[in-house]
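Colleague: UniProt numbering puts the sequence shown at residues 1 to 293.
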Amino acid sequence: MYRVLSKEPLLHFALIGAVVFGGYHWLNGRLPEADKAEPIHIGEGDIQWLKQTWASQWLRDPTAEELSGLVKDLVGEQLLAREAEAVGLGENDTIIRRRLAQKLKFVIEDTVQLAEPTEDELRQFYASHMASFATAGTVSFKQIYLNPEQRKEPMADATALLAEMRSKGNGDTVAGDRLLLGDDFQRMENSALSGMFGAEFANQVFALEPGSWKGPIKSGYGLHLVMVTEHVPAESRPFDIVRDAIVTQWRNSQQNDLSRAYLEGLRKKYGVQYDEGSKALLASPGLPSVAAK
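(1) Below 8 Å on the Cβ atoms is my guess for leucine 225 versus glycine 215; work out the distance and round it to an integer in Å.
(2) Could you check the C-alpha separation between glutamine 204 and glutamine 124 for me, to the nearest Å?
(3) On the criterion of 16 or more Cβ atoms from any shown chain inside 10 Å, does methionine 165 qualify as buried, or is it exposed?
(4) Alpha carbon to alpha carbon, how far is histidine 129 from alanine 199? Give it in angstroms, no decimals.
(5) Using three-state DSSP, classify leucine 179 as helix, strand or coil.
(6) Look at the Cβ atom of aspartate 46, then the Cβ atom of leucine 67, and state whether they are nearer than 8 Å.
(7) Would you mind working out which of Thr111, Thr135, Asp61 sits nearest isoleucine 241, comparing C-alpha positions?
(8) Is glutamate 144 helix, strand or coil when you go by DSSP?
(9) Please confirm if the stretch 97 to 117 is in contact with the stretch 184 to 196, defined as three or more CB-CB distances below 8 Å between the two stretches.
(10) How far does the beta strand (DSSP E) with valine 232 in it extend, from its first residue to its last?
(11) What would DSSP say about aspartate 184, mapped onto helix, strand or coil?
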């Protein structure tokens, strides 16, 4: 019998729990005062949540016996959580702290999700953020690539090649070095071009007037001579077409505003202090010194 019990993991867990529980209260010289402890409360909402969670997983309602087991597990979980909190097991625990902060953030976001903007609010938001709902501008261009690893004087070669291309006008293109990305690019958005060649290259190309060879322009690959062949400017889209996107962005904006305001309220409520050691590590001039409450 002893050998059988000694292999039971639940018995091991119970014994360890009893030792921890008893040891903690022995060290603190007291036992929990049941008459002062707030009882665990199981409400109708808890039962409904258990039933819905079970049904979503098993595609049927739980039986009376199964529901009783779910409630028993919930009570046990809450009892353990209550005692863990009481004995300070959550203190200085990064995972628990982040999880609690995340849950509160979700509550704030859910509050905004429930809010329905008025038509006037949406139209005002659309008017002040019209660029966010416009079609992206595009650029089409040809390029001649010069690989600095294959040339002794790539900048001099680029200057000479640019003069040659300008003398040809819009005629035949002189072959440059091979680039796997290609030499002819059509209707490229700034974000896509930035992903290929870098933001600085993309911005310079978008700033070029079409019709003539320009450069050299640097990228992470090397040097490029570029001739823009077409600019398609960004174009505003009508309110009715992008209404769903406006609602989404309006809610995101409200969430950000509410989160900032809520955090500022908490900062005023609790206060924040930086000791001299943390100030030295942060080395940030003008670091706010907020007196703790």
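Virtual Cβ for every residue (Gly too), placed ideally from N, Cα, C.
Modeller: In terms of the structure at hand:
(1) As a working note, residue 225 is residue 225 in the sequence shown. As a working note, residue 215 is residue 215 in the sequence shown. Right, the Cβ-Cβ distance comes to about 4 Å (below 8 Å), so this counts as a contact.
(2) One-based indexing of the sequence shown puts residue 204 at position 204. One-based indexing of the sequence shown puts residue 124 at position 124. So the two alpha carbons sit approximately 33 Å from each other.
(3) Residue 165 sits at position 165 when you count from the first residue of the sequence shown. That one is buried.
(4) One-based indexing of the sequence shown puts residue 199 at position 199. One-based indexing of the sequence shown puts residue 129 at position 129. Each residue's Cα considered, the two are about 23 Å apart.
(5) The residue you call residue 179 lines up with position 179 of the sequence shown. Three-state result, leucine 179: coil.
(6) Numbered from its first residue, the sequence shown carries residue 46 at position 46. Numbered from its first residue, the sequence shown carries residue 67 at position 67. Not in contact: aspartate 46 and leucine 67 (Cβ atoms no closer than 8 Å).
(7) Here the question's residue 241 lines up with position 241 in the sequence shown. Per the Cα distances, Thr135.
(8) For the purposes of this step, residue 144 is taken as the residue at position 144 of the sequence shown. Glutamate is not the amino acid found at residue 144; the sequence shown has isoleucine there. The answer is strand: DSSP assigns isoleucine 144 an E or B state.
(9) no
(10) As a first step, residue 232 must be located in the sequence shown, where it is residue number 232. It spans 223 to 232 - the beta strand (DSSP E) in which valine 232 sits, taken as one unbroken run.
(11) The residue labelled residue 184 in the question sits at position 184 within the sequence shown. Note: aspartate 184 maps to strand in three-state DSSP.
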